[in-house]
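Residue numbers (this note's numbering), protein chains in the order written: chain A, 1 to 545; chain C, 1001 to 1429.
Think of the CB as a built atom: it goes at the ideal place given N, C-alpha and C, for glycine as much as any other residue.
Computed from a prediction, not measured in an experiment: that's the story for all the values here.
Okay, structure first, notes after.
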C-alpha cells in the first residue's frame, strides 16, 4: 500500500478488495464512487456532518466501535467492512428503531415511491415487525400555507434544519423537545421564512410535505419534465411533475442545473398559473365586441391583413413590433423577422433594466458564480438579490456566512440581504449616484447629505471597498442614468491599489440579456411607446400571454 | 491498615472549610504558588503524568495524557472547562468537593490553566446544584479579592479568570462535548469526535474538560509530587478517589479511599454494613450506567480500574449503589431504563427510539404483560443499541440491562411470571 501523492489517491480495502479512492474523501463518498451504496439518512452533500441516523456505520479495522462512514476520512491502508452479517444486522436494527414509532401510512403518504426510508427498508429491513407497543401519535399540522409537517413520520436526519440554517440562513426550523418526544417544528407553530421549500425537497420521508401536493398523484404517475424556471435571470433548472394537463409540483432534487438542488419560492410554488382556467390557450378573434375562438390559420390571416391595412393607410412605421424580456432568444429573433417583413423600424422591447447603459459603461467583465464564490468583498447597490435573483443571493451568502467574504449593501429599499451585510447604507430614493460619487473620492459630506445617510457611512463604505482585492459589484435596477454608469465603472473610480473587479447586473426578468442581445439595437422602448408607455404597460401585462 | 491518606477530602469536616481563611490555614493555594513561581508549565504536566491520575468523571482517561494532547503552538486561546454537571444517578462526590472545599477546585483549575497556557476557566455546574453554584461564586469572589484569580496571579505574569455556569438540568450535558455546546449557548448535543476537545473544543479552541474531583486532586499532586500520589494507589490507577455510597447501607456518604481498596471493607468498615443486618444482593459500583455486580463479586472485588474490569464492570464516576436482599433488580433496572430513556437527547436513532422501545417493554412487563420472548427481544434490542449510538449514553442504557439480566435472571423471570399469575387470578372487583 502506498500513497500516490502525485495523483492524490490512496488505497483502501473494502471487504478484502483493495480499491483506489481519492485521498481526503469522505468514506461514504469514496464508497459511492466504487458503486457501493451505503444507506444513510442524515448524510447530505453540502451540509455539515451530522452522524445521527447511524445507518451508515461500517466496521473499520482497529476501531473498537462501528464508525459512521459519513464522518470518516479515508486513509491509506484503511480496511473497511461494509457487507458482513454484523453490518446487515446493524442496518436492520436501525431501520427497526426508525419504524418503531413510524405511522407506517405509506399507502396515503405522498412521499411513497420516492421515500428514502421506504427504499432502505425494502433493501435492508426486517420482514416482520417486532414492535408491539403503543405508538405516540402526532397529528399532522400545517406550518404554512405551503408546507405541512407530519411529525410522526420523521427519522430525525435534521436535513431540513440544516438546509434552513446553512443554505438559506433563515433558521426557521428547529428540533423541539427531547428524546423520544422530539419533533421537528417551528418556533411558534408557524413557519416564519422565505418559503423556499428546500426543506421539503431534502426530506427523506413524508414528514415535511407540500400542501399543494397533498394527496396528489403518486410520484410514479407523474410525467417529469426538466425545464428552466421562467421567473428570474438566474435560470434555475426545475423538474415539473405533471399528470395529464395539470402541473402538480416543481422540484430540483435531480440537482443537474446551475442551482444544483436549490429553488426559491417562485420556482417552487409559482407554477399554479399554468393550471389556471383563465389562460388563453387558443387564438381568439374579437367580432362584434366579443372574443371568439378561431383556428390559427384564421387568426394569422386576420392579423396579417389588419397589419397590412394599417401599414398601407398610415405608413410602415405606424406598426410597432415589441419583443419581450420574458421570452426566448428564438422568439425575439422571430419577432425581429416579422418587423423586417413589415418593413417597420419601430422594433423594440420593454427593458426591466437599462442594460444598454450598463453594457456601455461596464469597466470589467461580468461576475460568474466562481467570481462570487472567491470574492473578498461583495457590494450590492440599488437592488436586493433576494428579490431580484434569489439563486445569486444564495450563492453570495455562502462565502459571507463562512466569513470568507464581506457584504456591503446600499439601497433605498430595506433590502432583505442586508441581514448579513457588514454595512448597510439606507439611501434616499435616487441617492445612488451621489453615494457613488462619494465613494469615488468626492466629498463624503456632500454625498451623504444628498444620499440621505451619514458622512461616516460613506467614509466607512469607501474604506471597505478600497481595501478589497476581489470585488464583485452587484448593480440593481434602482440605478438609473448616471448612477448606473458610475456603478458599472466602480472599479475604475475607486482609489488605491490593484483589485479584481467584476460586475453583476441584477436584472429581474428571465431573458433580459437575451432580449438586449437580440433587440437591443432597435429603437428605444420609450420612443416606440411614447411618454405614456409606462402608463399603458401599467394596465396591460408585459408578458406574452 | 493505617489510616489512609486523605487527598481530596482532607478538609471535609473542618468548620467553615469552604472559606478562604480556613483553606489558607490548611495548605491553601500552596500548590498554585509553587506551580506559578517555581515550575514550568511542562513540569506541571509531567508531574500530573507521573501521578497516574485518571479522570474521575467516569471514563477514567489519564489526565496527564489528556493535557498533553493540547497543541502547544496553537494561536487560539485555550480553555479549561470543569465538568461539574454531576448527574449520574448515585453519584454525589463532586457536590461534596464543591460544598466543603470549593477553593481546591479553583486552585486545581488555575494550576491546569497555568500548565496549559489558558487564561479562562469555566466551571459548568449542574442546574439542580443552585446552592453549590452560590458557594462556588462566593469562593471565586474571595479568591479574586486576595489575588489568587484574575490579573497577575500572586504577582506573576500569569492571569486567569474563573467563571461558573449553570446547566439547565440535562443529563447529556455531562458528556464533555454536549457540555461545550451547552456552554456556548447551543442545544446540548454531543459533537462528532474527532476533533476532540483538546484540539477543537469550546468556541473551536483547544479545551481541556476535567471532572471536579480530578481538578481538585491536582493541587495535592503538585504540592506533594506525582510519585507520592501514585504510591497511594495501584500501579496503573494512581492515588485515592472519592466514592459516594448510597442505598441499603447503614452509613451512606462520600468516602475517600485509595485505589485498590477492597469493596468489602468499604461496605463493612466505612459504611457500617448493610442496613438491618440484611444480606447484600447487588452493587452498582460506579454510577448507574455501569454494569451491576452480584454480592459475591462485590465482596471479592477491589476498587481500582483493573480489578473491577475483571468482574465486567467499571469504576465509572464512583457512585456505589448498594442493594440488599429486599431489592428487586428488575424494578431497579426498570427505573434506570426510564431514566436513560428520559435523558436521551434524541440525537441518534438507537438511543432515541431504542430507549423508548426498551422502556415500553419494561413497563409492560412490570404491569404484568410480560411475554416469554421479551427477554430475547430486550437482548436483541440491546445489541442494536450498544456501540452504535453517537455517544456513550446508548451504552449506558444497555449495560445495566444486560448485566442485570445475566446476573439476576430470577428477578426478571419473576417479573415475567407476574403476568401469568395475573391471568390465573383475575383482580377482585
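Per DSSP, the beta bridge partners of residue 176 (chain A) are A:183.
Taking the beta carbon of residue 1384 (chain C) as reference, the chain A residues within 9 Å of it are 89, 90, 92, 93, 94, 96 and 97, listed in sequence order. By the beta-carbon neighbour count (other beta carbons within 10 angstroms, threshold 16), residue 1168 (chain C) is exposed.
Think of a sphere of 7 Å around the beta carbon of residue 1205 (chain C): no beta carbon from chain A falls inside it, the nearest being about 16 Å out. Contact between the segment 1367-1374 of chain C and the segment 1409-1418 of chain C is established, with three or more Cβ pairs separated by less than 8 Å.
In the same chain as residue 504 (chain A), and ignoring 5 residues on each side of it, the C-beta atoms closer than 6 Å to its own belong to 367 and 474, in chain order. Note that the C-beta distance between residue 1290 (chain C) and residue 1400 (chain C) is below 9 Å. Apart from sequence neighbours up to five positions away, the residues of its chain that approach residue 1156 (chain C) with a beta-carbon distance below 7 Å are 1036 and 1037, ordered along the chain.
Rounded to the nearest whole angstrom, the CA to CA distance from residue 1403 (chain C) to residue 406 (chain A) is 57 Å.
Under a criterion of Cβ atoms nearer than 7 Å, no residue of chain A is adjacent to residue 1338 (chain C); the nearest Cβ is some 11 Å distant. Judged by beta-carbon spacing, residue 1083 (chain C) lies within the 9 Å limit of residue 1176 (chain C), meaning their Cβ atoms are closer than that value.
Between residue 101 (chain A) and chain C, the shortest Cβ-Cβ separation is below 9 Å. Between residue 70 (chain A) and residue 42 (chain A), the gap from beta carbon to beta carbon is short of 9 Å. Beta-bridge partners of residue 287 (chain A) (DSSP): A:290. The contact set of residue 115 (chain A) on chain C, defined by CB atoms closer than 8 Å, is empty, because the minimum CB distance reaches about 17 Å. Within the segment 179-203 of chain A, 179, 180, 181 and 182 place their CB atoms closer than 9 Å to a CB of chain C, listed in sequence order.
Residue 85 (chain A) has a beta carbon lying at 9 Å or more from every beta carbon in chain C.
Pairing residue 1139 (chain C) with residue 1081 (chain C), the inter-Cα distance amounts to about 17 Å. With fewer than 16 neighbouring CB atoms inside 10 Å of its own CB, residue 63 (chain A) falls in the exposed class. A distance below 7 Å between beta-carbons, with the five flanking residues on each side excluded, links residue 1126 (chain C) to the following residues of its chain, in chain order: 1084, 1085, 1086, 1087 and 1167. In its chain, beyond the 5 residues on either side, 1233, 1234, 1237, 1302, 1303, 1304 and 1307 have a beta carbon closer than 8 Å to the beta carbon of residue 1260 (chain C). For a cut-off of 8 Å, the C-beta gap from residue 104 (chain A) to residue 125 (chain A) is around 12 Å, too long to register as a contact.
A distance below 7 Å between beta-carbons, with the five flanking residues on each side excluded, links residue 160 (chain A) to the following residues of its chain, in chain order: 173, 184, 199, 202, 203 and 208.
Using a Cβ-Cβ cut-off of 9 Å, residue 123 (chain A) does not count as an interface residue toward chain C, since no Cβ of chain C sits closer than that to its own. The beta carbons of residue 1395 (chain C) and residue 1385 (chain C) sit closer together than 9 Å.
Secondary structure at residue 81 (chain A): strand, using DSSP grouped into helix, strand and coil. Counting only Cβ-Cβ distances below 8 Å, residue 133 (chain A) has contacts in chain C at 1357, 1360, 1361 and 1364, in chain order. Taking one beta carbon from each stretch, the segment 460-479 of chain A and the segment 374-390 of chain A have 3 or more pairs nearer than 8 Å; the two touch.
Note that the C-beta distance between residue 239 (chain A) and residue 230 (chain A) is not below 9 Å. Per DSSP, the beta bridge partners of residue 410 (chain A) are A:381 and A:425. The residues 110, 248 and 249, in chain order, have a CB closer than 7 Å to that of residue 213 (chain A) in the same chain once the five nearest residues on each side in sequence are set aside. Fully contained in the segment 1058-1093 of chain C are the following beta strand (DSSP E) runs of length 3 or more, in chain order: 1079-1084. Any Cβ of chain A closer than 9 Å to the Cβ of residue 1343 (chain C) would place that residue at the interface, and such an atom is present.
Rounded to the nearest whole angstrom, the C-alpha separation of residue 325 (chain A) and residue 347 (chain A) is 14 Å. Under DSSP, residue 1165 (chain C) shares a beta bridge with C:1124. Annotated three-state conformation of residue 1255 (chain C) is strand, per DSSP.
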